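A.B. asks: Each residue of the sequence shown is one higher than the one before, starting from 4 at the first, in the numbering used here. All C-beta atoms, glycine included, are put in the ideal place defined by N, C-alpha and C. As the structure is a prediction and not an experimental result, all values here were calculated from the model.
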Amino acid sequence: MIINFIFFSPHFPQNSADFCFHLKQQGATVLGIGDLAYGQLEDKLKDSLTEYYKVHSMEDYGEVLRAVGFFTHKYGKIDRFESLNEHWLELDAAIRTDFNIYGTRLDFVYNLKQKSKMKDFFHKSGVSTVQFSTGTTRESAEEFIAACGYPLVVKPDLGSGASQTYKLNNTEELDYFFATKPEDTAFIMEEFIDGVILTYDGLIDRSGKVQFAVSHLFEQSVMDVVNTDNHLYYYCLKDISPEVEDAGRRILQAFEIKERFFHIELFKSNKDGRIIALEVNMRPPGAWMTDAINFSYDVDIYKEWAAMIVNDQMGGPYEGQYYTGYASRKQHKHYVHSHGDILNTYENLIVKYAEIEQVFSRAMGNSAYQFRSPSLDQVREIVNYIQLEEG
4 MIINFIFFSP HFPQNSADFC FHLKQQGATV LGIGDLAYGQ LEDKLKDSLT EYYKVHSMED
64 YGEVLRAVGF FTHKYGKIDR FESLNEHWLE LDAAIRTDFN IYGTRLDFVY NLKQKSKMKD
124 FFHKSGVSTV QFSTGTTRES AEEFIAACGY PLVVKPDLGS GASQTYKLNN TEELDYFFAT
184 KPEDTAFIME EFIDGVILTY DGLIDRSGKV QFAVSHLFEQ SVMDVVNTDN HLYYYCLKDI
244 SPEVEDAGRR ILQAFEIKER FFHIELFKSN KDGRIIALEV NMRPPGAWMT DAINFSYDVD
304 IYKEWAAMIV NDQMGGPYEG QYYTGYASRK QHKHYVHSHG DILNTYENLI VKYAEIEQVF
364 SRAMGNSAYQ FRSPSLDQVR EIVNYIQLEE G
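(1) With distances taken Cα to Cα, identify the nearest neighbour of C239 among D204, D208 and N230.
(2) Between the Cα of E85 and the Cα atoms of F258, L220 and E262, which residue gives the shortest distance?
(3) Looking at the strands, I want to know which residues DSSP matches up with K271.
(4) Could you spell out the range, first to last residue, of the alpha helix (DSSP H) harbouring H76?
(5) Just reading off the beta strand (DSSP E) that S218 is part of, what are its end residues?
(6) Considering Cα atoms alone, identify which of D123, Y372 and E62 is closest to E93.
(7) Using three-state DSSP, classify K57 as helix, strand or coil.
(8) Please classify K261: does DSSP put it in a helix, a strand, or coil?
(9) Could you name the residues of the same chain whose beta carbon sits closer than 6 Å to that of K127, not counting the 5 residues immediately before and after it, in chain order?
(10) Whole-angstrom Cβ separation of P13 and G37, contact assumed at under 8 Å?
(11) Sort N173, F11, L87 and L48 by Cα distance to G289 and report the nearest one.
(12) Count the other CB atoms within 10 Å of the CB of K333; is the residue buried (16 or more) or exposed (fewer)?
(13) Can N273 and G198 be called in contact, C-beta distance under 8 Å?
(14) Based on the DSSP output, what are the partners of M192 in its beta bridges?
(15) By the DSSP assignment, the beta strand (DSSP E) with S376 in it spans what residues?
(16) Helix, strand or coil for N7 per DSSP?
(17) Among the residues of its own chain, which have a CB less than 6 Å from the CB of I141, if the five just before and after it don't count?
(18) Identify every run of the alpha helix (DSSP H) within the region 92-122, keeping only runs that are complete inside it and at least 4 residues long; order them along the chain.
(19) Tell me which residues share the same chain as E259 and place their Cβ nearer than 8 Å to its Cβ, disregarding the 5 neighbours each side in the sequence.
(20) Is S60 near the ligand SAM - that is, is its Cβ less than 7 Å away from at least one heavy atom of it?
(21) By DSSP's criteria, G328 is part of a beta bridge. Which residues make up the other side?
(22) Taking 8 Å as the threshold, find out whether the region 230-239 comes into contact with the region 293-313 through three or more Cβ pairs.
(23) State yes or no: is the C-beta of Y105 within less than 8 Å of the C-beta of D82?
(24) Assuming T293 and I304 make a contact with CB atoms under 8 Å, what is their CB distance in whole Å?
(25) What does a CB cutoff of less than 6 Å around Q167 pick up in its chain, not counting 5 residues either side in sequence?
Right, here's the structure in full:
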């Protein structure tokens, strides 16, 4: 079946071109809408698109609406509209609603964007979640603190990533937060969990069956990475622990998600080992994690996603062969080992190096390396070598 697929923002982030390329390879008519001039698109993307419609502003819903109308008139019914990008989830859902396109609609999308709404689905799934409060006053904050104590975490209720996310340790820091917080942003307060983050990432098909899954381990707090302008590291694991698999599948079932990427973040408590649901993101994981999946499982996850969308089928099953590490560097830090040292020392294990797009650099670093090994200990060793600082 040939489908008409509109890819919104096909030029950003950079790996969007890989998704478009494989959609075309699977037989889809791939139509792009973006704000970059056609001549500035990379050749791989140009070759993947049947047609491209430039808008002056991607935030102008009326302009995007007219672009979709133009494609509908020219190519017939639009079967899918996707950006695979957290920032555009609401716009994606609005277009699907207005044009009766398959996928998440406006009446459900905020369950995937607002952290407070996610909690209802975590409760439905039976997976533990963090205590939280959506109270916006100092009095409600004090009531919450009386129940769960310091430290606590405050973050925007709507949105993703660690931007505007803070750990408050005492009354003075709480006072400062209320004195300086943006009035136009709704915040949520959560108990602080001492633990590591384990993700459940993968693809779920249009019948609601998980076709592929993988897990990443973050031993750092991404909130601390952003707030202290530190470098980031994480690992793509070659196996998923049964407890993460069970929690992830129950959460997917509670949300009744179909034909999507999923990226679910879970805490594993250092105190008692519990798995605790943090948040869901129904999109590909960021920070090069799609590439990490490919390196760990010897798979092309871009191709598998496209095959699922266009033909409702995938290859596999795939088994993890390697642990893949990610280690970034920050320009303001001084490191013991040079780029040349790293390549000379771990030449056979480095699988990717690149500069990071500026908009992502606060969390992801200014540059980063990916590397893989059958040994997690060796991957940890490489992280330490890359990020060892002078002094």
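C.D. replies: In this structure, then:
(1) D204
(2) That would be E262, whose Cα lies nearest to the Cα of E85.
(3) DSSP, once it has assigned bridges, lists V199 and I278 as partnering K271.
(4) Y64 to Y78
(5) V213 to F221
(6) E62
(7) strand
(8) Residue state, collapsed to three classes: coil.
(9) A257
(10) 6 Å
(11) L87
(12) Here K333 is buried. Its C-beta has 16 or more other C-beta atoms within 10 Å.
(13) yes
(14) S136 and V157
(15) Element bounds for S376: S370 to S376.
(16) strand
(17) Before going further, note that residue 141 is Arg rather than Ile in the sequence given. The residues are F181.
(18) List check, alpha helix (DSSP H) in window: 92-102 and 109-112.
(19) Within the same chain, E259 has close Cβ partners G211.
(20) By its list of ligands, the structure shown contains no ligand whatsoever, and the ligand SAM lies outside what it can speak to.
(21) Y238 and F374
(22) yes
(23) yes
(24) A Cβ-Cβ distance of about 5 Å is found for the pair T293 and I304, placing them in contact under the 8 Å criterion.
(25) P159
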